[in-house]
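Below: the structure, in structure tokens.
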Amino acid sequence: MATERMVIAGGGLAGATAAKTLRAEGFEGPITLLAAESRNPYLRPPLSKEFLLGKADEESVPVMPSQWYVENDVELLTGTSATAIDTREHSVALDDGSFRQYAKLLLATGAQPRRIPLPGSELEGVMTFRTFDDSIRLRSLLEQGGRRVVMIGSGWVGMELAAAARSYGNEVTLLGLEDIPLGTAIGPELGTYFRRLHEDNGVRFHLPASAVSIEGRGGHASSVTTTTGAEIPADLAIIAVGIVPDTALAEAAGLKVRNGVVVDASLRTSAPDVLAAGDVANALHPFTGEHHRSEHWANALNGGKVAAKSMLGQDAVLDAVPYFYTDQFTLSMEYSGFPSLTTGIEPAIRGSMEDGSFTAFWIRNAQDGTGQVVAGMSVNQRRVQKPIKALISGRVPVDVSRLLDPANPLEEFAAAA
44 MATERMVIAG GGLAGATAAK TLRAEGFEGP ITLLAAESRN PYLRPPLSKE
94 FLLGKADEES VPVMPSQWYV ENDVELLTGT SATAIDTREH SVALDDGSFR
144 QYAKLLLATG AQPRRIPLPG SELEGVMTFR TFDDSIRLRS LLEQGGRRVV
194 MIGSGWVGME LAAAARSYGN EVTLLGLEDI PLGTAIGPEL GTYFRRLHED
244 NGVRFHLPAS AVSIEGRGGH ASSVTTTTGA EIPADLAIIA VGIVPDTALA
294 EAAGLKVRNG VVVDASLRTS APDVLAAGDV ANALHPFTGE HHRSEHWANA
344 LNGGKVAAKS MLGQDAVLDA VPYFYTDQFT LSMEYSGFPS LTTGIEPAIR
394 GSMEDGSFTA FWIRNAQDGT GQVVAGMSVN QRRVQKPIKA LISGRVPVDV
444 SRLLDPANPL EEFAAAA
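The sequence shown begins at 44 in my numbering and counts up one residue at a time.
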């Protein structure tokens, strides 16, 4: 090999974690980390939560302090992207005209906001949401209150942004294609719970409906016309309809791509010495035997660690139970599990939804009173996700009636698993 350099294309959590893990595992060779944005790698979850709400400052967002890259001799190139990969020559072309040879290459290129071709989307006051700069801009638009905000998209990010906008005292109308927000993700009962939370805090819903155009005056958005024919006044229209994995670099290099860059459980792609992690990776999970692409921070964190170890030739697989969380108004929710295994299963509730503190379990094969937990969601509860993950990964049948009785500690079931 011409060089022992490790190159990481992508400056998000997965890429930065991989660089940190390479050093922690004793790798002393050169590392190049390419960050397309002009900022050092940062965490995304706070952008739609505590940072957007002004409850966290800018110093809380970076993955590592700037000095870490200097002290650990990591070549961090901000504002720089890879433009081409030569897998035969083990070479990466950069957009500044230079090249880097690699021994191993990690693709952590992330994703881009999904865009919909709306007439009027070029108007001032229309935006998507993904980056640190997006969060800064949105906070500046929301924090004075009094604006008419139309949120296009009723997924997790759309609901978080709606909650933030309303918390600042803005009028908020939320559009989504589902009859019930989040219904596809967590089912109608729990989706209705989130809808009522928002409605109790003054958010209005137009469901199912999406936008067909955005009208404006003087170059600025003034209203959103929906698929139902409604015209909703809007000073600000936010499009949050999901993300698309950034696979262009991988596709051009001839890597196998299907809903992301296809990788095995050790995050190796179809090309020798090239790996992928984070939002862009469609990874084989040992638990299900299927490929999954996860868009949450825990996947980026765990994937960055596994990718680095694989780059060093260690035996490592991404077998962590998927996890994410959301904060909306006074609600704090955590979810662990495999959404693909919950299809057709109604969640079983432990605790009281009316009291605002409960756990929902998705349980397979529960006809005889026992079943296997494949996902668990906790609302306004602390320190329950660890036993929930143990229940899922343990695959041990549980007594459903006992599991749903709050008098029985979850740790007992986890210990049995």
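Where is the CB? At the ideal position from N, CA and C, for every residue including glycine.
Note the first and the last residue of the continuous alpha helix (DSSP H) segment covering residue 288. Where residue 288 is concerned, there is no enclosing alpha helix (DSSP H), although the beta strand (DSSP E) it sits in stretches over 286-288.
Which listed residue (175, 359 and 258) has its alpha carbon closest to that of residue 167: Answer by Cα proximity: 258.
Those residues which DSSP pairs with residue 147 across a bridge: 49
Reducing DSSP to helix, strand and coil, say where residue 282 ends up. strand
Going by alpha carbons, who is nearest to residue 154 out of 87, 180 and 323? 323
Segment limits, alpha helix (DSSP H) that includes residue 456: 453-459
Tell me the rounded alpha-carbon separation between residue 383 and residue 395. Looking at the backbone, the Cα of residue 383 and that of residue 395 are separated by about 26 Å.
Residues sharing a beta bridge with residue 30, DSSP: Nothing about residue 30 can be read from this structure; the chain reaches only from 44 to 460.
How would you call residue 189, buried or exposed, if buried means at least 16 neighbouring beta carbons within 10 angstroms? exposed
Which ranges does the alpha helix (DSSP H) cover as unbroken runs of at least 4 residues, wholly within the stretch 139-205, from first to last along the chain? 175-185
Please confirm whether residue 87 has its beta-carbon closer than 8 Å to some beta-carbon of chain B. Looking at the structure shown, chain B is missing, and only one protein chain is on hand.
Rounded to whole angstroms, what's the CA-CA distance from residue 29 to residue 97? Just pull it up for me. In the structure as shown, the chain starts at 44 and stops at 460, and residue 29 therefore has no counterpart that could be examined.
So, using beta-carbon positions, are residue 112 and residue 49 closer together than 8 Å? no
Confirm, please, whether the CB-CB distance from residue 161 to residue 266 is below 8 Å. With contacts defined by Cβ atoms closer than 8 Å, residue 266 and residue 161 do not form a contacting pair.
What residue from 310, 373 and 334 has the CA that sits closest to residue 348's CA? Nearest neighbour of residue 348 by Cα position, chosen from 310, 373 and 334, turns out to be 310.
Could you check if residue 263 is buried or exposed, using at least 16 other CB atoms within 10 Å of its CB as the buried criterion? exposed
Whose C-alpha, out of 334, 227, 278 and 175, is nearest the C-alpha of residue 387? 227
Taking Cβ to Cβ, would you say residue 367 is nearer than 8 Å to residue 240? no
Whole runs of the beta strand (DSSP E) within the stretch 366-445, excluding any shorter than 3 residues: Counting only runs that start and end inside the stretch 366-445, the beta strand (DSSP E) elements of at least 3 residues fall at 366-371, 374-380, 391-395, 400-407 and 413-422.
Tell me which same chain residues have a C-beta within less than 7 Å of the C-beta of residue 440, skipping the five on either side of it? 413, 414 and 415
Have a look at residue 281 and residue 245 and give me their C-alpha separation to the nearest angstrom. If you take the alpha carbons of residue 281 and residue 245, they lie about 18 Å apart.
I need the straight-line Cα distance from residue 13 to residue 313, nearest angstrom please. Missing from the structure shown is residue 13; the chain here goes from 44 to 460 and no further.
Taking C-alpha atoms, which residue in 184, 435 and 450 lies nearest to residue 192? Checked all of 184, 435 and 450; the closest Cα to residue 192 is 184.
Using 8 Å as the threshold, is the stretch 70-89 in touch with the stretch 327-334, meaning 3 or more CB pairs across them? no
Do the stretch 191-209 and the stretch 270-285 meet, that is, are 3 or more Cβ pairs less than 8 Å apart? yes
Would you list the residues sitting across from residue 267 in a DSSP beta bridge? Answer by DSSP bridge pairing, in chain order: 257 and 275.
Does the stretch 418-427 come within contact of the stretch 442-451, defined as at least 3 CB pairs closer than 8 Å? Taking a cut-off of 8 Å on C-beta distances, the stretch 418-427 does not touch the stretch 442-451, as fewer than three cross pairs fall below it.
When DSSP builds the beta bridges, which residues end up paired with residue 304? 300 and 324
Let me check understanding here. Comparing Cα to Cα, which of 158, 121, 376 and 100 lies closest to residue 22? This structure gives no information on residue 22, because the portion of the chain shown stretches from 44 to 460.
Close beta carbons around residue 457, own chain, < 6 Å, minus the five adjacent residues each side: Here the set comprises 430, 433 and 434.
Quick one, are the C-beta atoms of residue 137 and residue 126 less than 8 Å apart? yes
Assuming contact is defined by CB atoms lying nearer than 8 Å, are residue 62 and residue 346 in contact in what I supplied? no
Per DSSP, the bridge partner or partners of residue 249: 218
Enclosing beta strand (DSSP E) for residue 121 [first to last residue]: 117-121
Starting from residue 468, follow the beta strand (DSSP E) in both directions and report where the run begins and ends. Missing from the structure shown is residue 468; the chain here goes from 44 to 460 and no further.
Hey, how far is the Cα of residue 67 from the Cα of residue 52? 19 Å
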